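Below is one structure, written out as structure tokens; the observations come after it.
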Amino acid sequence: MSAMTPSDAIEVPGAWEHLPIAELHGLIMVIGAADVGKSTFTQYLARRVAESDVTVAELDGDPGQSRLGPPATISLGFHTGGGLQDPGMPAARRMFIGSVTPSGHMLPVLVGAARLVEAAWAQGAAAIVYDTSGFLDPARGGYALKLAKVNLLKPNWVIAIQREGELEDFLRPLRGSQRCRVLDLKPALAVSRREMGERQAYRVRRFACYFAGAKEIDLAWDALPVFPTPGFFPGRLLAFEDQEGFTLGLGIVTASDPARHIVAILTPLPSLQGVSALALGDICVEIQTYRDYRMERT
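Residue numbers for the sequence shown, in our numbering: 4 to 301.
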């Protein structure tokens, strides 16, 4: 009988059920274009590996369609033989990318992934399943970013989910290099393509959920370091970071007083305890609708 994913109730292909689970250890990168079911597979695989009573980390690496955290972040959660721990718990970590796409933000994506992988090993993970984004366009640096992840993170496995061999230009030299083991899979039949409007609507729901119950605080920005430099205006998304650079919470600028260096921020963060810096993003979020849009630089 085919297994069902707990979260999505999608019928799992037989090939997924016959994976060499005992051999899948270390860092496992899941790659594929948008809408091939990477997230569904990642959740399925992490739970399967965790059935061996080991701690398995799940790295949600898509800042645009994030599941374990709000958009513009990548997050780390853990499976311990049962369900996925909430990444908001102290045991998990989050990194702020500052945008909902890796395009133009490849260094934050790469550094963020490396920091979260390091944190997962430090917290006792026996395996890490890394759900990467669908950003693959070689003309925009998609393949270069994936190769940089392979070279930096040194995965034991790369699992490629592809429909019709669309990743072969990337996978062919990777297989020949023997830097990792490569496994090919087909998408689940129930997986369907989503239009850009559906992706935007998903982010709206995620932002709305994250900021539900948020309150406005006034902050003197001279009291905290600001990366890259103070530039506060209504709608700008920002992150409250701890001394290690991990994200404690997000905020949306609602108003600022440049003369007094005071900024008003909408945030669900209950207090500023542990906050050592602010990191400004490159997108804005409309408070009324929670739609995101690219920040216009001047």
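Note that CB positions come from ideal geometry on N, CA and C, so glycine has one too. Predicted, not measured: the structure shown is a model, and the values here were computed from it.
Between the alpha carbons of S42 and D134 lies a gap of roughly 6 Å. In the DSSP assignment, D295 forms a beta bridge with V288.
The three-state secondary structure of R51, taken from DSSP, is helix. R208 carries a helical assignment under DSSP once its states are collapsed to helix, strand and coil.
Listed in chain order, the non-local C-beta contacts of I100 below 7 Å within the same chain comprise P66, A75, T76, I77, H108, P111, V112, G115, local neighbours out to five positions each way being set aside. Note that the C-beta distance between Q68 and Y205 is below 8 Å. Note: D63 is bridge-paired with S78, D134 in the DSSP secondary-structure output.
In the DSSP assignment, G144 falls outside any beta strand (DSSP E), carrying neither H nor E. Between the C-alpha atoms of C287 and D295 there is a straight-line separation of about 6 Å. At least 8 Å separates the beta-carbon of S274 from that of V266. Here M98 is bridged, per DSSP, to I77.
Short of 6 Å from the beta carbon of L48, and not among the five residues preceding or following it, lie these beta carbons of its own chain, in chain order: V132.
Out of P73, S180, F243, D172, the CA that lies nearest to the CA of W160 is found in S180. Bounds of any alpha helix (DSSP H) do not take in D187; it lies within the beta strand (DSSP E) bounded by 184 to 188.
Judged by DSSP in its simplified three-state form, E244 adopts strand. Residues of the same chain with a CB within less than 7 Å of the CB of L269, apart from the 5 flanking positions on each side, are F214, A217, E219, G254, I255, T257, I290 in chain order.
Take the alpha-carbon of P105 and the one of K157: they are about 20 Å apart. Listed as beta-bridge partners of D260 by DSSP are I265. Between the stretch 186 to 197 and the stretch 163 to 178, the count of C-beta pairs closer than 8 Å reaches three or more; the two stretches touch. Taking 8 Å as the cut-off, the Cβ atoms of V33 and A130 do not count as close.
In the displayed model, V120 falls within a helix according to three-state DSSP. The distance from the Cβ of L79 to that of A122 is about 6 Å, consistent with a contact at the 8 Å cut-off.
The DSSP assignment places complete alpha helix (DSSP H) segments of no fewer than 4 residues inside the stretch 12 to 51 at 17 to 20, in order along the chain.
Here the C-alpha atom of Q276 lies approximately 45 Å from the C-alpha atom of F173. In this model, A211 and L283 are separated by some 20 Å (Cα to Cα).
Spanning the alpha carbons of R297 and A95 requires a straight line of approximately 29 Å. According to the DSSP secondary-structure assignment, K218 is paired through a beta bridge with T270.
Note: V161 is bridge-paired with M32, V185 in the DSSP secondary-structure output.
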